[in-house]
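There are 2 protein chains.
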Amino acid sequence: MTTIADFTSQYGLVEKIDAFGYLDYLKKNPDAPRKHGKVVLVTADTPLKASRGEGKTTTTIALIDALNKRGIDAAAVLRQPSMGITAAGSKGGASGGGKASLTHPELIDWGLCGEMGAIEAAQNLLVSFAEKAVDEGRLDTILVPRVSEVPSRSLRSIAVDYGKGDVKEKVVLTPTCELMQIVVLSRSMDEIGQRVAKMIAGTKDGKAVTFGEFVDLWRITGILADAVKPAKTETVNGSPVYVHGGPFANVSIGIPTLVSVEMACALHDVVIVEAGYGTDAGAQKWLDIACREFDAQWPSAAIVVTRASTWRDDPELSWRYPFHVNRLEGLDIPTFPLINLWDGEDDQIPALKETAEKLEFRDPIIGNLYRDGGEALAPQLDAFVDVIVNGSAPARPHSHKGMSVIENVKWVAEHAYGVPADRVKFKDGFLASRDEAVKLCESAGFSLADLALVAVKSPATMTDNDRAPEDERTVTLKKVEVHAGAGLVHVNLTTSLTTPMPKIV
Amino acid sequence: MTTIADFTSQYGLVEKIDAFGYLDYLKKNPDAPRKHGKVVLVTADTPLKASRGEGKTTTTIALIDALNKRGIDAAAVLRQPSMGITAAGSKGGASGGGKASLTHPELIDWGLCGEMGAIEAAQNLLVSFAEKAVDEGRLDTILVPRVSEVPSRSLRSIAVDYGKGDVKEKVVLTPTCELMQIVVLSRSMDEIGQRVAKMIAGTKDGKAVTFGEFVDLWRITGILADAVKPAKTETVNGSPVYVHGGPFANVSIGIPTLVSVEMACALHDVVIVEAGYGTDAGAQKWLDIACREFDAQWPSAAIVVTRASTWRDDPELSWRYPFHVNRLEGLDIPTFPLINLWDGEDDQIPALKETAEKLEFRDPIIGNLYRDGGEALAPQLDAFVDVIVNGSAPARPHSHKGMSVIENVKWVAEHAYGVPADRVKFKDGFLASRDEAVKLCESAGFSLADLALVAVKSPATMTDNDRAPEDERTVTLKKVEVHAGAGLVHVNLTTSLTTPMPKIV
C-alpha cells in the first residue's frame, strides 16, 4: 500500500514531502485511504506596526497542540519566514515562542532547506536571460524584477551595466516575487513550467514578450526541484506542522502553498492555515484569491488573534479588531476572537470578556500562549470544536474573472476595508498605469480582467488613514503591475511601499 | 563511544556532518579512534576554454571506486558546483558522469542543501549593513561587493539608490566571495565570526572600517549554521564523497573546505582532493595557500588529468601538460599522468604511452572513465598505491608571510607559470592600486605582506599569451584587492575578468 511515507525523505531535522507526487497519487487512486480535513484560518488584528506581531504563529501552534490533546487530528500549515528580514532585525522569526514552539525554530527561521534561496536564484536567472534577450534584440525593456532575500533600501532603484547601458532595474524581496507566487499557486511542476512560460519578461516595440519565447524551462524547474516540496516539522508537543510558501500578505499573496494545504487536508481532520496580518491582508488573500480564483478550500472557521494592547490601547484604531471579526462572520465563517496575553495581563481577562460580549462576539478564547501553550486553550475550545465537527459544508464563492480591475479594487475596499466605492480615489498616474497594463495584457493575448487582484498595501493600515472618522476614510490607488505567469494583477495603494525593502535595524 | 554518527544527521538524499564539532571532539579526545589519511590531489591540464572540463570529477570518482575495489579505504572531497552557472548553461555540473557518477547528481548540481544560497544571503546582508553604516556616517565608501550565484554580464557594474545617491557597487559570483573564502579556510564557527569581524566593509576618511565595528555577528553565523556542514554522498558504487566549498580556482581559492578534508582524513586512509583547473589554479592554491599558509596537509601524490585532444591537438599549447606534471614532481610530489579518453579514442593508447615515455613521465593511467568507471583504473594503480602506502612523510613548506605582494606574485609566476621575475609586468594603475591596498591594510592595523596571495586569472591560460615562445611569455599585473577577513590579497592578472560574470548561453 502506498502511503505518505513513500513520498517522504528525511531532510535534516525536518522532512521534505513530494506533495505534487502525493496529490497526483491520490487523484489516480480515488479509493486510497485519505482524510478530508477542514481548513481553519488563523488571522489577526491589524498590527500597530509591521514589526510587531500579534502572535499568529504562537496561536497556531498552541491551537494544534490543544486540539491534538483533545483527540482531534490537527495540523498546521505555516509560511516560511524570510531569513533576510529576520537577520536584518526588521522582524522576528516565525516559529512561535515559549511553550507554543516548533522543535527546531532555528531551522525554520534561518533558511529551512534553501527553498527561498532557490526561488531567488531561479527568478534572478530569468532576469539574466531577459538581459541576454535585450542583447539579442528580442526585448527592449525588462519588466521582470531581480530579487533579494536580504533587505536593502539602496536596492529600491538600481541601474545595471552602469556607466555603459545604465539599464534601470527593480529589485523586490524574494518572498514577494512572481516566481514565489507561481510556486504557491501551482499544483504540479508542469503547471509551474507553463506559468513561467507565461511570465512577461519585458516588451519589444511596446508588445509583451514572455519567457516561454526564449528560455528553456528545465533551467528553472531544475532549480526549483526541491523548493516545491513542503517541509514537515512538529511542535515541541509533537503536533505536525508543514512549512511551505513565503510571507508578506500585504505586498504579495503571502499564503502557504495550495498543495501544502491540500496535502495536509488529505492527512488530517483539521488544518490550520496561517493567514498573515489581518482580514484585510492574508485572510482577504486566502478568501478572495486562493479560494475564489484558485479553487482552495473555504474555511470552516476562523480565529482572529489580537493582543489586549493592540485592541484597546489606541481608541482611534479600536474599530479595526471588531471589523475583522465581523467581516468573517458576515461571510458565514464562524469566527472566534482570541486574545493572546502578555505577562502581567491575566487580570484583564474579565474586562476583555465584557468588551467581547458588548460587541456580540462569540465567547473569546483568552490565554498567555507563550507561557502556557496549548494547555491554556484546550478547555476553551468546546464551541470551536462543535463548529468544526458539526458545521455545514463550506461555501464556494463565484469568481471575479471578467470584472475590471477598478471594480475589483472597489469591491475589496468596500468588503475588506470598509470604504465604499465612491471613496476609492485615483492618484495621478494611476489611470495611465492601468491603461498601460491593459495594453500589455492585450499584446500578450489575454485580458487584464482575467487576472486575480492582489491589493498591495501597508500591513499596519487598512485605508489611507485609519485614524480618520469612518465616513471620511479613503483608499487611493497608485499603480498597476501585471504578474501574468501567476495570473495576478497587483494594484498598489498609497499606503504601500512600492518596493518593500524594510529598514534594517 | 562517540563516533562520526553522533555528528551526522540525515539531510535529504545526502547527510550533513558537523565537521567543526567532530574535529573539536577529536582534539579533546586524542585517544579516540581515528585514521590519518593521506591527501592526494587530482588536478588537470589547462583547459582549452573554461567551459570544457578535462574530467577531474569523473576521474576523482572513478579513482575512489577503483581504490575501494582494491581494498583501500578511499574517499573524495569535492567542491559544490555553482548552480547559477550550470543553470545558465555556462558550464556543466560537477558530479561526474557515466559509470563514474554520484548517486544523486541532480542534488549536487542544483543547490545541494542551500549552502551557496546561505553564503550569498550572508554576504549580501553585510552589504546592507554597510549601506546602513553609510547612512549613519560610519562609512563613506563601500568596498565589500554584493554577490549573486546567477551570472549576469549586466551586473559587472551597478549603481544602487539610482537616481538619488547613485552609489557605485560591484557584484561578484557567490562562490568567489570573501565569505565563501572564510567558510573554506575556517576551522570553527568562532573563527568564522572573528574573520567576518575583520572583513573591511569600506572606508571612512580613507581609513578602513571593519564589520566588527558595527555588525552583530549572530546575524551571519545564524545564516551560516547549516552551510558550514559538509554534505556526505556517495558514488554509484558506494564510495564515500564529501561535498563542501565553492568552485572557481582561477578567480578565487576554489578548494574544498579545510575542515572537510581534515574530517575525511580522520575517517579514511586516502583522501582525494579535487583541485580545479591546472597546477596554475586549484593545485597552486592548495599548495601555496591551503598548505603553506593555512596548515592543510601537503599531498602525498597527485594525478594530473588531461584529454588526449587537449594534450596533443594544439601543438602551440602542448607545452602546458608536461609543465603541470613536472611542476608537481619538482615539488617531490609523485605525480601520475591520467588520460581520460572519449569514445573512439581507445586506439590512441599506444601513441599516448609512447609520448609519456619520451617526456619521462611515470607510466600514464589511461581509460575511458565515463564508459568504464573505476574498473578501467583499478588494474593500473599498482605504482600509485605503492607511493601512497610506502611514501615518505609529506613536506611542510615555509610561509611567505612578510614577503611583499610583488615578490610573492613573481614567485608564483616563476614556479607556477614558468615566467621569470623580469617578465612580470605592471599594467598602468597597478602600482597605485598596490599602494592603496598597502595604505588600507595599514589603516586597519596590519600589513599587506601578511596576507596570502590569490592570483586571479583566466582558467584557460597560464600567462598573458600561452602561444608565445617560452622566452617571450609574460605575466601582467593589473590590480590588488584586499580580503582582510579571509587573510588573502587578490592580484588580478591581465588574462582575468575583473568581475567573473560568464556569458549565459
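The listed protein sequences correspond, in order, to chains A and B. Read left to right, the first sequence gives residues 1 to 505 (this note's numbering). Read left to right, the second sequence gives residues 1001 to 1505 (this note's numbering). Even glycine gets a Cβ: it sits at the ideal position worked out from N, Cα and C. Just so we're clear, the structure is a prediction, and the values are computed from it rather than from any experiment.
8 Å Cβ cutoff, residue i in contact with chain A
{"i": "isoleucine 1222/B", "result": "The residue asked about is misnamed: residue 1222/B is glycine in this sequence, not isoleucine. For glycine 1222/B, the answer is yes, since a Cβ of chain A falls inside 8 Å of its Cβ."}
{"i": "aspartate 1226/B", "result": "yes"}
{"i": "arginine 1153/B", "result": "yes"}
Residue burial classification, residue i (beta-carbon count within 10 angstroms, cutoff 16)
{"i": "valine 1039/B", "result": "buried"}
{"i": "proline 315/A", "result": "exposed"}
{"i": "leucine 1431/B", "result": "exposed"}
{"i": "alanine 447/A", "result": "The question names alanine, but residue 447/A is serine in the sequence shown. It is exposed - the Cβ of serine 447/A has fewer than 16 other Cβ atoms within 10 Å."}
{"i": "arginine 1219/B", "result": "buried"}
{"i": "glycine 1344/B", "result": "exposed"}
{"i": "glutamate 1234/B", "result": "buried"}
{"i": "glutamate 357/A", "result": "exposed"}
{"i": "glycine 37/A", "result": "buried"}
{"i": "glutamate 1274/B", "result": "buried"}
{"i": "glutamate 1169/B", "result": "buried"}
{"i": "glycine 1097/B", "result": "buried"}
{"i": "leucine 359/A", "result": "exposed"}
{"i": "glycine 1202/B", "result": "buried"}
{"i": "lysine 1164/B", "result": "exposed"}
{"i": "serine 1399/B", "result": "exposed"}
Beta-carbon proximity check, residue i vs residue j, cutoff 8 Å
{"i": "asparagine 237/A", "j": "aspartate 65/A", "result": "yes"}
{"i": "valine 1482/B", "j": "leucine 1493/B", "result": "no"}
{"i": "arginine 146/A", "j": "valine 134/A", "result": "no"}
{"i": "proline 1364/B", "j": "leucine 1331/B", "result": "no"}
{"i": "valine 1243/B", "j": "leucine 1112/B", "result": "yes"}
{"i": "leucine 125/A", "j": "alanine 1087/B", "result": "yes"}
{"i": "valine 1062/B", "j": "glycine 1418/B", "result": "One detail in the question is off: residue 1062/B reads as alanine in this sequence, not valine. Not a contact, by the Cβ cut-off of 8 Å."}
{"i": "methionine 1199/B", "j": "glycine 1246/B", "result": "no"}
{"i": "alanine 290/A", "j": "tryptophan 1110/B", "result": "no"}
{"i": "phenylalanine 1294/B", "j": "leucine 1258/B", "result": "yes"}
Within chain A, partners of residue i - CB distance below 8 Å
{"i": "glycine 1485/B", "result": "None at all; the shortest Cβ gap to chain A is about 18 Å."}
Proximity test, Cβ basis, 8 Å: residue i and chain B
{"i": "valine 147/A", "result": "no"}
{"i": "isoleucine 158/A", "result": "yes"}
{"i": "alanine 197/A", "result": "no"}
{"i": "glutamate 131/A", "result": "yes"}
{"i": "serine 128/A", "result": "yes"}
Interface residues of chain A facing residue i [CB-CB closer than 9 Å]
{"i": "asparagine 1250/B", "result": "Here the premise fails: no neighbours, minimum Cβ distance about 21 Å."}
{"i": "alanine 1118/B", "result": "Met83, Trp110, Gly111, Gly114 and Gly117"}
7 Å Cβ cut-off: residues of chain B touching residue i
{"i": "tyrosine 162/A", "result": "Ser1157, Ile1158, Ala1159 and Lys1168"}
{"i": "glutamate 106/A", "result": "Ala1225"}
Cutoff 8 Å: residue i Cβ touching any chain C Cβ
{"i": "methionine 1083/B", "result": "The chain inventory of the structure shown lacks chain C, comprising the protein chains A and B."}
Beta-carbon neighbours of residue i, restricted to chain A and to distances below 7 Å
{"i": "alanine 1087/B", "result": "Leu125, Arg219, Gly222 and Ile223"}
Where residue i meets chain B, residues with beta-carbon distance less than 9 Å
{"i": "alanine 121/A", "result": "Met1083, Gly1084, Ala1087, Gly1111, Met1116, Gly1117, Glu1120, Ser1148, Glu1149 and Val1150"}
Inset, instruction - Examine the Cβ distances between the stretch 1015 to 1031 of chain B and the stretch 1297 to 1310 of chain B and report whether three or more of them are shorter than 8 Å. - result: Contact between the stretch 1015 to 1031 of chain B and the stretch 1297 to 1310 of chain B is absent, because fewer than three Cβ pairs lie under 8 Å.
Legend entry - Contact between the stretch 1031 to 1048 of chain B and the stretch 1275 to 1294 of chain B (3+ Cβ pairs under 8 Å): Enough Cβ pairs lie closer than 8 Å, so yes.
Inset, instruction - Answer yes if the stretch 213 to 224 of chain A comes into contact with the stretch 72 to 85 of chain A, meaning at least three C-beta pairs across the two stretches below 8 Å, and no otherwise. - result: Not touching, per the Cβ criterion.
Legend entry - Sufficient close CB pairs (3 or more, under 8 Å) joining the stretch 1114 to 1128 of chain B to the stretch 1174 to 1182 of chain B: Result yes; three or more Cβ-Cβ pairs closer than 8 Å.
Legend entry - Validate contact between the stretch 1149 to 1160 of chain B and the stretch 1252 to 1264 of chain B using beta carbons, cut 8 Å, 3 pairs: Counting Cβ pairs under 8 Å, fewer than three are found: no touch.
Inset, instruction - Could you tell me whether the stretch 342 to 361 of chain A touches the stretch 376 to 396 of chain A, where touching means 3 or more Cβ pairs closer than 8 Å? - result: With a cut-off of 8 Å, the stretch 376 to 396 of chain A and the stretch 342 to 361 of chain A do not count as touching, because too few Cβ pairs lie within range.
Inset, instruction - Say whether the stretch 401 to 417 of chain A touches the stretch 370 to 380 of chain A, bearing in mind that this needs 3 or more beta-carbon pairs closer than 8 Å, one atom from each stretch. - result: Segments in contact, no.
Inset, instruction - Could you tell me whether the stretch 1304 to 1311 of chain B touches the stretch 1410 to 1425 of chain B, using the rule of 3 or more Cβ pairs below 8 Å? - result: In the pairwise beta carbon analysis, the stretch 1304 to 1311 of chain B is classified as not touching the stretch 1410 to 1425 of chain B: fewer than three pairs are separated by under 8 Å.
Inset, instruction - Spell out a yes or no on whether the stretch 22 to 30 of chain A and the stretch 246 to 253 of chain A are touching, meaning 3 or more CB-CB pairs, one atom from each, closer than 8 Å. - result: Output reads no: the stretch 246 to 253 of chain A does not touch the stretch 22 to 30 of chain A.
Inset, instruction - Count the CB pairs spanning the stretch 95 to 114 of chain A and the stretch 188 to 205 of chain A that are closer than 8 Å, and state whether there are at least three. - result: With contact defined as three or more Cβ pairs closer than 8 Å, the stretch 95 to 114 of chain A and the stretch 188 to 205 of chain A are not in contact.
Legend entry - Three or more C-beta pairs below 8 Å linking the stretch 66 to 75 of chain A and the stretch 417 to 437 of chain A: By the C-beta criterion, the stretch 66 to 75 of chain A is judged not to be in contact with the stretch 417 to 437 of chain A, since fewer than 3 inter-stretch pairs fall below 8 Å.
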